[in-house]
Every structure is written in structure tokens, then in C-alpha cells.
């Protein structure tokens, strides 16, 4: 994941940044709320971690401004302000999760992973498009350019999830949970088999591939 971490306490920032880096993630650490808002508006992140008490612009105002702009990046508040009313204020401001200091890094990482697995808020859309590939969620139809593509129900669900997460790398575990509702590894090649079938339909007949395998990590759909 690419993570934006807005935290003015140097000790906390260094501790969390080191842990996230060791877990394989890329973290942009910003110490000022106003600078954090600018960074969030101009760059794309998978999740954000925001302290509430920040110089320049407090965390609540940062997230409110972000949501007002239409940005839906998941936000976790990480703060020492932990009363019930404080947590309610954070969630109503547009936060998706709330973790109070002191905290266990393992819990922070688990919560960030859970936020990253959530599909973006695109329920109002009836069509998704990546490059010249388009699906209609109401008609359950698919086409690439002017060529219609016939998909089986599970292939359609898989493609929908990939398109909802355009440019993101989705791991095998994420696909098993979201497309097959498996919360364990069945030790089968079901993901690989369906990816291969999907690639044969949406990529192989065309000049430019859209479905990419990220070695030892997962899959990503992008133009």
C-alpha cells in the first residue's frame, strides 16, 4: 500500500513509518495538517493515517476538507483523544476508523489492511471503464472497444472487483475474500484459473494487455 501518515510527533512517526516499511508498504510522512491536506489532494494513496492534534490544520478539519472535495481515500484517525464523543466526531467528520494511543502496531497494521480491502464507494455507478474495457453492472454486459465479451458470473464478479480497484495490486487473499467469500486459503488454483480465463477473454484478442500479474504479489488491472 501507499500510505499517507500525517503525524507531528516525531517519535510516533518514526516508529510507525519503520513498521510499515518493514511490512512492505510505502509511507509518506507529513508533520503539518495543511501540508497533509495538500499532499492528499495532489497524490493518490490507498489509505491515510491522521492525528487529530496537528499544527497548521487539525485532523478533523483536514478530513472534512478532503471529503468535501470528493476524495474518498479511507482514513484512520490515530490519536490520544479517545473519548466516546471524540470518536463519534472523528467518524462523522469522514473518518473510516479510529485508533487511540497508546496502540499496538499489529492492530494498526491489521486495521489498515482491512480498510485497504474495502472497495471504493462506487455503488452509484452502473458502468465501470478502464481504458477501452467497459462493463455495465446493471445489464451484466462487458465489451472492449466495440467487441462484446461474454463472461461467466464468477468472471464478471472478478473483473468488477479488479476494475473497482484500478491501478491497485490485489493479492490472492483479497480476491478469495471478495470474489469467493473464502476467509481461509482452500489450497486450490481457483484464483489463478479464473485470472487465466479472464485474461484470455479481455486481453489476448487485443493488442494491449490490461490485466497484469505482479510477481510474488498479486494482480492489477490498468491501462
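In my numbering, the protein residues as written are -16 to 206.
Each residue gets a CB set at the ideal place from its N, CA and C atoms; glycine is no exception.
Going by beta carbons, residue -13 and residue 32 fall inside the 9 Å limit. When beta bridges are read from the DSSP output, residue 126 appears opposite 117, 131. DSSP places residue 21 inside the alpha helix (DSSP H), whose first and last residues are 16 to 25. For the pair residue 161 and residue 145, the Cα-to-Cα distance works out to about 10 Å. If you look at residue 89, you'll find it in the alpha helix (DSSP H) that goes 88 to 100.
Per DSSP, residue 3 is one residue of the alpha helix (DSSP H) stretching across -7 to 5. In this chain, the beta strand (DSSP E) harbouring residue 58 covers 58 to 62.
By the Cβ neighbour-count rule, residue 81 is buried, with 16 or more other Cβ atoms within 10 Å of its own. Beta-bridge annotation (DSSP): residue 81 is paired with 60. Rounded to whole angstroms, the gap between the alpha carbons of residue 101 and residue 62 is 22 Å.
For a cut-off of 8 Å, the C-beta gap from residue -4 to residue 12 is around 5 Å, short enough to register as a contact. Contact between residue 205 and residue 150 holds, with the beta-carbon distance rounding to 5 Å and staying under 8 Å. Distances from the alpha-carbon of residue 120 to those of 72, 143, 42 put 143 closest. Under the three-state reduction of DSSP, residue 167 is assigned to coil, being neither helix nor strand. The DSSP-derived three-state label of residue 177 is helix. Bridge partners of residue -15 according to DSSP: 9.
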